[in-house]
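Novice: According to the numbering used here, the sequence shown is numbered sequentially starting from 2.
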Amino acid sequence: MSVISKIRRQGGAAVITIPPALLQMLDLNIGSQVTLSVDHGKLIAQPTTSRRKRYTLADLLEGSDEMKRLTAETAWAQEGHPVGREIT
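Next up, the structure:
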């Protein structure tokens, strides 16, 4: 698929527009990073492949001494039965 896009100025930068169809084909969104390079006079924009690993809170706290201390300190709150209109 070929698309013609005009280079324009926005602030101090030169900007080109990428049509939504191309973004969708490349599985990119606004804010995605691309690597720009020039090969034999052609501008090449490739999606970056190094994505940052996402961690869950459990992953971050796993094995943490602080988490073990907090769990021990709040153990009393995990026992017992509802005394009012608590959601269980």
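Don't be surprised by glycine CBs; every beta carbon is placed ideally from N, CA and C.
1. How many angstroms separate the CA atom of alanine 73 from the CA atom of threonine 50?
2. Got a sec? Which residues, its chain only, sit under 7 Å from alanine 14 by beta carbon, not counting five neighbours each side?
3. Go ahead and pull the three-state DSSP assignment for aspartate 40.
4. Using three-state DSSP, classify glutamine 47 as helix, strand or coil.
5. I need the DSSP call for arginine 86, collapsed to helix, strand or coil.
6. Could you check whether valine 4 and proline 20 sit closer than 8 Å to each other, using their CB atoms as the reference points?
Specialist: Taking the coordinates as given:
1. In this structure, the CA atom of alanine 73 is about 42 Å from the CA atom of threonine 50.
2. None.
3. strand
4. strand
5. Coil.
6. yes
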